[in-house]
Every structure is written in C-alpha cells, then in structure tokens.
Amino acid sequence: MHRVVAKVILVNSNHEIAMAKVKRGFFTGHWTLPGGFVDYAEHPVEGAVREVKEELGLKVNIDPNDIVQIAERIFTSEGIQFLSFTYKCKVDGEVTFNPKADEIEEARWFPMDQALANAASLFDVEALRSIS
1 MHRVVAKVIL VNSNHEIAMA KVKRGFFTGH WTLPGGFVDY AEHPVEGAVR EVKEELGLKV
61 NIDPNDIVQI AERIFTSEGI QFLSFTYKCK VDGEVTFNPK ADEIEEARWF PMDQALANAA
121 SLFDVEALRS IS
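Using the working numbering, read the sequence shown as starting at 1 and increasing by one per residue.
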C-alpha cells in the first residue's frame, strides 16, 4: 500500500514550532507536526493546508516552493510505503489553536530544541533538523 503524507512546520514570530499531541493512529499520545494523509487527486500543498485547518483550526497559506523535505520510507513488515512532503509556513500575530477534539489532545508552540526532542516521527525529526 502507498500512502502520501503532507506535514507543515509552522513557525511563529518567536521562531517556535507548532506541534500537536495526537489522540489516534500510530503516534497516539505523542507530539507531531501538523499534517496527515493526502486525499486522492489532492496536491500535497492542498492536503497540508487542509490538515492544519482540520487539526489546529488555523487557516494558512503555503507556498509550494517552501518545501523543506520529500522523504520516503518502506515498512516491509506492515506492507506500507510512505511518501512524505513537509512544508514550512510562517505565521504572524497572535495565534489561537482550536484543536480537533477527536484527533488532537493538545497543540502548542515549542522552541526548536524542544520540538526536536518531542517529535515522535522520524520524518518530523529530519525535516526539523533541515531548518535548524
């Protein structure tokens, strides 16, 4: 099975990174960058924008040129191949998260070192390291 994932490194004016503690899926109870599966015939940028809105309640504009990472992993024991697109998006002003109750336990900003320490996904760690 092939799965396409779109993630976003949201950076605020204090250079902090937005992360969400997820309630379901492989990373339940862990912090991840906002994002998720891209729908059929959906561009990864569109998927990333949709996922940020769904998970955090934020409307963002992502420039397709702000791609940070395209990464691929094959998990042979599960029979799954992931292709992950990670974008960077700056947000200005006061930001209030409105996490999706059935998906996200908590959302908050982390300094880069704490974002790296808390990131559960190898895709997220690699993307964060590439901009730190």
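Even for Gly, the Cβ is constructed at its ideal location relative to N, Cα and C.
* Return the first residue and the last residue of the alpha helix (DSSP H) that LYS53 is part of. => 44-56
query: Any idea if SER121 is buried or exposed, counting beta-carbon neighbours within 10 angstroms, 16 or more meaning buried?
result: buried
Can you name the start and end residues of the alpha helix (DSSP H) that LEU33 belongs to? Where LEU33 is concerned, there is no enclosing alpha helix (DSSP H), given that its DSSP letter is neither H nor E.
* Asked: Between the C-alpha atoms of GLU55 and VAL4, what's the straight-line distance to the nearest angstrom?
  -> 17 Å
Best match in GLU78, VAL22, ASP102 and LEU128 for proximity to HIS2 [C-alpha to C-alpha]: GLU78
Review point. Using 8 Å as the threshold, is the stretch 4-17 in touch with the stretch 68-88, meaning 3 or more CB pairs across them?
Key: yes
Give the range of the beta strand (DSSP E) segment to which ARG73 is assigned.
67-75
Does the stretch 62-73 touch the stretch 111-118, meaning 3 or more C-beta pairs lie closer than 8 Å?
no
### Task
Given a cut-off of 8 Å, decide if GLY57 and PHE27 are closer than it, judged by their beta-carbon atoms.
no
Practice item. On a CA-only basis, which of ASP124, VAL91, ASN12 and GLU105 is nearest ILE70? Give me that one, please. Key: ASP124
* Could you please give the first and the last residue of the uninterrupted beta strand (DSSP E) stretch that includes ILE80? => 80-90
C-alpha distance - ASP102 paired with HIS30, whole-angstrom precision:
15 Å
Under the three-state reduction of DSSP, which class applies to MET19: helix, strand or coil? strand
Excluding the 5 residues preceding and the 5 following ASN118 in the sequence, name in chain order all residues of the same chain whose CB lies nearer than 7 Å to its CB.
MET19, TRP31 and PHE110
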